[in-house]
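For reference, the structure is listed below as structure tokens.
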Amino acid sequence: MARLRAGDYSLPGGVLVERKEVRDLHLSVLEGRFWRQMGALRRVATKPCLLVEGADRDRGALHPHAVRGVCLAAGALGIQVLRSSSVVDTVTWLLV
89 MARLRAGDYS LPGGVLVERK EVRDLHLSVL EGRFWRQMGA LRRVATKPCL LVEGADRDRG
149 ALHPHAVRGV CLAAGALGIQ VLRSSSVVDT VTWLLV
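If you're matching positions, the sequence shown starts at 89 in our numbering and goes up one per residue.
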């Protein structure tokens, strides 16, 4: 298994997925990692995808409007944003 230059999962058809648990989404935005990661994902992937995992994406340090804004901005940059409620749901998304 090779280490990816960006993202967490590489799928057929040029799909590259960056998986973020809700807590990590909040922290990565606050710590300044999020947009660097999204930039790398866009440069490397034909079809970049952000998968936000967790039942409550608003549970964290960021205001709920900020979380929605981040997801909308990522989408506007051509990154498909998916939500999953749990690890099991994430696996379902990845296998579909």
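No residue lacks a Cβ here, since even glycine has one placed at the ideal position from N, Cα and C.
Residue 141 versus residue 120 - alpha carbon distance: Going by the C-alpha atoms only, they are around 19 Å apart.
6 Å CB neighbourhood of residue 122 in its chain, flanking five on each side removed: So the qualifying residues of the chain are 116.
Ranges of the alpha helix (DSSP H) found wholly within the stretch 153 to 184, counting only runs of at least 4: Segments of the alpha helix (DSSP H) lying fully in the stretch 153 to 184: 175 to 183.
7 Å Cβ shell around residue 144 - same chain, five flanking residues per side excluded: The beta carbon of residue 144 lies closer than 7 Å to those of 110 in the same chain, with the five residues before and after it left out.
Cβ-based neighbour list, residue 169, same chain, cut-off 6 Å, excluding 5 preceding and 5 following: 138, 159, 162, 163.
Contact check, residue 103 vs residue 96, beta carbons under 9 Å: The Cβ atoms of residue 103 and residue 96 lie no closer than 9 Å to each other.
For residue 104, three-class secondary structure by DSSP: In the displayed model, residue 104 falls within a strand according to three-state DSSP.
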